[in-house]
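Please read the structure below before turning to the comments.
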Amino acid sequence: PDFEEFGNSPALQRVLQAHFGAALTWARERRSEYALLEAERVASGTDQLLGDMVDDRLLEVGRGSRDFSLTIIELPLNEQRAWYL
975 PDFEEFGNSP ALQRVLQAHF GAALTWARER RSEYALLEAE RVASGTDQLL GDMVDDRLLE
1035 VGRGSRDFSL TIIELPLNEQ RAWYL
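Each number in my numbering comes from the position in the sequence shown (counting from 1) with 974 added on.
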């Protein structure tokens, strides 16, 4: 890609162009790893963790839930443990 958005910084534009292929390969590899991890989560039932957290909170406040949407951004950290924010 030309990275036209960075046209005012030609040096940065060249660096982006030079490393684009490696970055794309890295991202594709991470997607494959994530798919395997997600399959393990589904198989073990841990994919229900967020739903369980919401249910626990509703019990604490003593009411039913209303419809809502939740956007989750998962960062690919090199850690086996996680922090829920």
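Every residue, glycine too, gets a C-beta built ideally from N, C-alpha and C. Computed from a predicted model, the values in this text were never measured in an experiment.
How far does the alpha helix (DSSP H) with Phe994 in it reach, from first residue to last?
-> That run of the alpha helix (DSSP H) goes 984 to 1018.
Is Gly1036 helix, strand or coil when you go by DSSP?
-> Note: Gly1036 maps to coil in three-state DSSP.
What's the C-alpha gap between Leu1032 and Thr1045?
-> Taking the straight line joining both Cα atoms gives about 19 angstroms.
Measure the CB-CB distance between Val1028 and Ser1039 and report whether it falls below 8 angstroms.
-> Result yes, Cβ atoms of Val1028 and Ser1039 sit closer than 8 angstroms.
From Gln991 to Leu998, what distance separates their C-alpha atoms?
-> Here the alpha carbon of Gln991 sits roughly 11 angstroms from the alpha carbon of Leu998.
Inter-residue spacing [alpha-carbon to alpha-carbon] between Ala1001 and Thr1020 = Ala1001 and Thr1020: Cα-Cα distance of roughly 24 angstroms.
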